[in-house]
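J.: Structure below; questions to follow.
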DNA sequence: AAAAATTATGTAAGCGCTTACATTGTGGTG
DNA sequence: CACCACAATGTAAGCGCTTACATAATTTTT
C-alpha cells in the first residue's frame, strides 16, 4: 500500500467553496473570518481529518516550534529529573522536545548538535560549557538561542541555568575537613569534556589547600559514572599504604558505588571511612548508610531552563539563572576515628 | 537583530557556478556528480556553512526522519534505560527522537500523540496498549507505523515489542506461594490506563487462585509509583488485623517504598514480611534487603523497538518481538516464619 | 570517425502553506 | 444615492528543496 495521500489545504478549500487563504486564516487567525464561513470551513476540516503539513508550515514560518536537547545520557537520574521537568514546560508552551544523547563524548555531542540544528530546532538545551569554540561560533552564526544548564559561571556572556559546581564542591570539602579529616581522597568523574566534573574536582582541591592540608594528603582518581568502576576506584584507594579517612565523590553514583564495594570488602562506612556524594539523587537515600551529599534542585532547574529558552526565542535577550545548592547530611560522613 | 538569513541551495549553486540540482545531488547522491564538480561544490558548502532547510526538505521528501515517543515519564529508571537505548539506535540510523511524556494520563497521551504526528514524525513508540480505539483509528488513517512496547500480546494484529507482564507476574506469585506464603497482599500500580499494571495484577491474582488459595487471603491496593505512596500502602496493609506474610509489588519503586517504610516502622523484611518487586532497576540491588524481582531486558527492548520501527518504515510489514523475563532472587523474599 | 551508449548537468515543475496586496461586499454618511 | 471606510475574501507570489525530464558532454562501439 502506498503512502496515504493526506488531505491538503486545497482539498478543504475546494470542499468548503472558499480559497486556500480563507482556510489558512480560519486555522491561524479565526477572528478575521466571518462566522458562517468559518463554521463551514471548520466542519470540512474535521470531516476530512485535516492537519496542516508540518514541513510546509515550518518552511514558510521559518520556525518549527521544536526545542532540542543534547544530554550526556538519559539513563541517569541526574539528568532524567531535570529533563522531565524541561519537557513538561516545553510541552506546556505548545512546543516539542527533540532529544539526543552524547554519551559524554565531545565528538558525538557536536554531531548531535549539528543534527538537531539541521532538523530545524528553534533553540537548544546543552549541558555544561566544555566544548569547542567552533561550536559556539556555529550556534552564533545560525542565531540559535541556547542555554547551558547544570553549571553556572558568573562572568560569562553566555546564558547559564545552573549552579556553581566549584563552590558546592568547595563547601563539601570544607565540611569534610571540619569533621577532622586530614587524609582525603577524591573519586572524580571523568573530567575530559565535562566541566561539571572538573569544577567539582577543582573546588574540592582548592578547599583542601585553603584549609592548609599538604597536597600529598589529597589523592585523586577519575572514574566512569557506574557502580562497578567506582567500586574499583574505591578498592584501589582503600588499598593504599595509608588510606584516607574520607572520600569525596564527584557524584552520588560514584559514592554509592564506593559504599557498595566497601560493604563487599568489609570496610565500614562511615566508621572506617567516610564517603560523600553530589547531586542528591534517590539512591543516596536508599543505600545504607545514606549519602551525605549536595542537594541540587533538578526539577526547578529544568523548568527554568525551558522558560529562559522561551524568553530568548521571543525577545532577543536572556539572563542566566543561578540556583543555590546545599549539603544534605546523612550518615556516610562522620569524624575520623583517630589514628589507626 | 533580525532572524539571520541563512544561505540557501541557490546561494551555493551561484557561487559554485552550477545549478541547484547539482548541489542537491552533491548532498544526497554524491556518486552521481563528477569528482571535480563535487569538490568545488562541497568547498562552497562548507565555506558558507550551508545546511539544507529542514522544512523544505521535509515537505518534498514527505518524511522528516524523526521518530516520536510518548512515554509515561522520563523520570523513572524503568523507561529511562530503554528509552536511552531506543534513542541510541534511532541516532545510529541517522534519525532523531522527539519525546513527549504523558504523566500516565490518557488524555495527555492522546494530545501528545496528535501533536507529534502534526510535527510530522515518521513513526511512533508507545508504551503499552491501553488507549482509546479512536487513537488507533487515527494512526491507521494517517498510516503512521507504531510499536507498542513494554508489553506483549500473543494474538494481536498490532506490533508489540515487550514481554508478557501477566505471565511474569504469575510466575512471581507462584514462587511466593511455593515459599509457603498463604496470606498475600499486592501493592499494584494504578491500573487505570496502564495495561502493564493491570496485567501484573491479574497475573498475580490468577496464580493465587490456581494455587488454591481462598480469595480472601489476597488483598490488593493500588498506589502511585513513588516511595511515599507505596510506603503508605505498606503501612495500611501491615496494620491489618491479620497482616499478610508477603507483599507482591507491581514494580520496584513500590517494593523499595514498602521496604523503606517497613524499616521506619521497625518491621523486618523478610523475617516479618516478604516483599517482591518487578523490573529489576538499580535501586533493587542497593536497598537492603535486595529486592527479589522480575528482571526485564530494558536496553535490548529499547534497541529492538527502534529496529522494528525502522523495518516498518522501510517495508510495510513488521512482526512483534517478545522478550523473556526471569526472576532474580535477592533477600526480600523468604519463607514465612510460621504462625505469629 | 561517426553513431550509439553512457554520464554529467541543467531546466523547471511542483511540494503545501502563508501572506501582501487586490478585489469585492456591506453599511454608514452627507 | 453617490461616496467612503472597513470588513471579508480571493489572487498569486514565494519559501527552499527534490527530481523527472531534457540537454550537453564524454566515452564506447563498430
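Protein chains in written order, with the numbering used here: chain A, 1 to 340; chain B, 341 to 680.
Think of the CB as a built atom: it goes at the ideal place given N, C-alpha and C, for glycine as much as any other residue.
How would you call residue 60 (chain A), buried or exposed, if buried means at least 16 neighbouring beta carbons within 10 angstroms?
T.: Working through the first chain from its first residue, we reach residue 60 (chain A) at position 60. Per the 10 Å Cβ criterion, exposed.
J.: DSSP beta-bridge partners for residue 589 (chain B)?
T.: Numbered from its first residue, the second chain carries residue 589 (chain B) at position 249. Paired residues: B:527.
J.: Relative to the C-alpha of residue 612 (chain B), which candidate in B:468, B:673, B:463 and B:476 has its C-alpha closest?
T.: For this step, residue 612 (chain B) is matched to residue 272 along the second chain. Of the candidates B:468, B:673, B:463 and B:476, the one whose C-alpha sits nearest the C-alpha of residue 612 (chain B) is B:673.
J.: How big is the Cα-Cα spacing for residue 415 (chain B) and residue 161 (chain A)?
T.: As a position in the second chain, residue 415 (chain B) is number 75, starting the count at 1. As a position in the first chain, residue 161 (chain A) is number 161, starting the count at 1. Straight-line Cα distance between these residues: approximately 20 Å.
J.: With a threshold of 7 Å on Cβ separation, who are the neighbours of residue 386 (chain B) within its own chain once the five nearest residues in sequence on each side are excluded?
T.: Counted from its first residue, the second chain places residue 386 (chain B) at position 46. Closer than 7 Å at Cβ, skipping near neighbours: no residue.
J.: What residues from chain A crowd round residue 414 (chain B), counting only those whose CB sits closer than 8 Å?
T.: Translated into positions along the second chain, residue 414 (chain B) becomes position 74. The answer, in chain order, is 74, 80, 83, 84 and 87.
J.: Check whether the Cβ of residue 156 (chain A) sits closer than 6 Å to any heavy atom of the ligand COA, and report yes or no.
T.: Among the components of this structure there are no ligands whatsoever, and the ligand COA is therefore not found.
J.: What residues in its chain sit with their C-beta under 7 Å from that of residue 304 (chain A), if we drop five residues either side in the sequence?
T.: Against the first chain, residue 304 (chain A) aligns to sequence position 304. These residues qualify, in order along the chain: 161 and 321.
J.: Give, in chain order, every residue of the region 275-295 of chain A whose Cβ lies closer than 9 Å to some Cβ of chain B.
T.: Here the close residues are 282, 283, 285, 286, 287 and 288.
J.: For the putative contact between residue 586 (chain B) and residue 524 (chain B), defined by C-beta atoms under 8 Å, what is the C-beta separation to the nearest angstrom?
T.: Here the question's residue 586 (chain B) lines up with position 246 in the second chain. Here the question's residue 524 (chain B) lines up with position 184 in the second chain. About 5 Å separates the beta carbon of residue 586 (chain B) from that of residue 524 (chain B), a gap short enough to meet the 8 Å contact definition.
J.: Can a CB atom of chain B be found closer than 7 Å to the CB of residue 54 (chain A)?
T.: Counting from 1 along the first chain, the entry for residue 54 (chain A) is found at position 54. Yes, because at least one Cβ of chain B sits closer than 7 Å to the Cβ of residue 54 (chain A).
J.: Along the chain, where does the alpha helix (DSSP H) containing residue 390 (chain B) start, and where does it finish?
T.: The residue given as residue 390 (chain B) occupies position 50 in the second chain. Unbroken run through residue 390 (chain B): none, as it is neither H nor E.
J.: Which complete beta strand (DSSP E) runs does the region 283-323 of chain A hold, if anything under 3 residues is left out?
T.: Here the runs fully enclosed are 293-295 and 321-323.
J.: Secondary structure at residue 455 (chain B), three-state DSSP: helix, strand or coil?
T.: In the second chain, counting from the first residue as 1, residue 455 (chain B) sits at position 115. It is helical.
J.: Determine which residues share a DSSP beta bridge with residue 160 (chain A) and list them.
T.: As a working mapping, residue 160 (chain A) is identified with position 160 in the first chain. According to DSSP, which records beta bridges pairwise, residue 160 (chain A) is partnered with A:148.
J.: Taking just the CA atoms, how far does residue 276 (chain A) sit from residue 176 (chain A)?
T.: Looking up residue 176 (chain A) in the first chain gives position 176. Looking up residue 276 (chain A) in the first chain gives position 276. So the alpha carbons of these two residues sit roughly 9 Å apart.
J.: Starting from residue 281 (chain A), follow the beta strand (DSSP E) in both directions and report where the run begins and ends.
T.: Position 281 of the first chain, counted from the first residue, corresponds to residue 281 (chain A). Neither: residue 281 (chain A) is in no beta strand (DSSP E) and is coded neither H nor E.
J.: Whose Cβ in chain A lies nearer than 8 Å to the Cβ of residue 389 (chain B)?
T.: Locating residue 389 (chain B) in the second chain gives position 49, counting from the first residue. What residue 389 (chain B) touches in chain A: 138, 141 and 142.
J.: Could you please give the first and the last residue of the uninterrupted beta strand (DSSP E) stretch that includes residue 562 (chain B)?
T.: Counting from 1 along the second chain, the entry for residue 562 (chain B) is found at position 222. Note, residue 562 (chain B): beta strand (DSSP E), 558-563.
J.: Does residue 646 (chain B) come within less than 7 Å of chain A when only Cβ atoms are used?
T.: To locate residue 646 (chain B), count along the second chain from 1; it is residue 306. It does not; no Cβ of chain A falls within 7 Å.
J.: Could you have a look at residue 123 (chain A) and say whether DSSP puts it in helix, strand or coil?
T.: Counted from its first residue, the first chain places residue 123 (chain A) at position 123. Strand.
J.: Please report how far the alpha carbon of residue 9 (chain A) lies from the alpha carbon of residue 126 (chain A), in whole angstroms.
T.: Taking the first chain and counting its residues from 1, the one referred to as residue 9 (chain A) is at position 9. Taking the first chain and counting its residues from 1, the one referred to as residue 126 (chain A) is at position 126. Roughly 37 Å separates the two Cα atoms.
J.: Should residue 163 (chain A) and residue 293 (chain A) be called a contact, given that it needs their Cβ atoms to be closer than 7 Å?
T.: In the first chain, counting from the first residue as 1, residue 163 (chain A) sits at position 163. In the first chain, counting from the first residue as 1, residue 293 (chain A) sits at position 293. No, the Cβ-Cβ distance between residue 163 (chain A) and residue 293 (chain A) is not below 7 Å.
J.: Under DSSP, the beta strand (DSSP E) around residue 436 (chain B) begins and ends at which residues?
T.: In the second chain, the residue the question calls residue 436 (chain B) occupies position 96. First-last of the beta strand (DSSP E) with residue 436 (chain B): 436-441.
J.: Considering only residues of the same chain and omitting the five flanking positions on each side of residue 306 (chain A), which have a CB-CB separation below 7 Å?
T.: The residue you call residue 306 (chain A) lines up with position 306 of the first chain. Hits under 7 Å: 86, 89 and 90.
J.: Strictly under 7 Å for the Cβ-Cβ distance: is residue 118 (chain A) near chain B by that measure?
T.: Residue mapping note: residue 118 (chain A) aligns to position 118 of the first chain, counting from 1. By this cut-off, residue 118 (chain A) is an interface position.
J.: Give me the chain B residues within the contact set of residue 256 (chain A), using Cβ-Cβ distance strictly less than 7 Å, ordered along the chain.
T.: Walking along the first chain from the start, residue 256 (chain A) turns up at place 256. By Cβ distance, chain B contributes 626.
J.: Within the chosen definition, does the region 146-153 of chain A reach the region 120-137 of chain A through at least 3 CB pairs nearer than 8 Å?
T.: yes
J.: Run through chain A and tell me which residues come within less than 7 Å of residue 561 (chain B), C-beta to C-beta.
T.: To locate residue 561 (chain B), count along the second chain from 1; it is residue 221. Residues of chain A with a Cβ closer than 7 Å to the Cβ of residue 561 (chain B) do not exist, since the nearest Cβ in that chain sits about 22 Å away.
J.: Beta-carbon of residue 591 (chain B) versus every beta-carbon of chain A: anything under 7 Å?
T.: By one-based count along the second chain, residue 591 (chain B) stands at place 251. Cβ-Cβ to chain A under 7 Å: no for residue 591 (chain B).
J.: Determine, for residue 328 (chain A), whether the minimum Cβ-Cβ distance to residues of chain B falls below 7 Å.
T.: On the first chain, position 328 is the one that residue 328 (chain A) refers to. No, no contact with chain B.
J.: Consider the Cβ of residue 59 (chain A): report whether some Cβ of chain B lies at a distance smaller than 7 Å.
T.: As a first step, residue 59 (chain A) is located in the first chain; it is residue number 59 there, counting from the start. It does; some Cβ of chain B falls within 7 Å.
J.: Let me check one thing: in DSSP terms, what residues is residue 579 (chain B) bridge-paired to?
T.: Working through the second chain from its first residue, we reach residue 579 (chain B) at position 239. Per DSSP, none; premise fails for residue 579 (chain B).
J.: Taking buried to mean at least 16 other C-beta atoms within 10 Å of its own C-beta, is residue 21 (chain A) buried or exposed?
T.: Here residue 21 (chain A) refers to the residue found at position 21 when the first chain is read from its first residue. Taking all protein chains in view, the Cβ of residue 21 (chain A) is surrounded by fewer than 16 other Cβ atoms within 10 Å, so the residue is classified as exposed.
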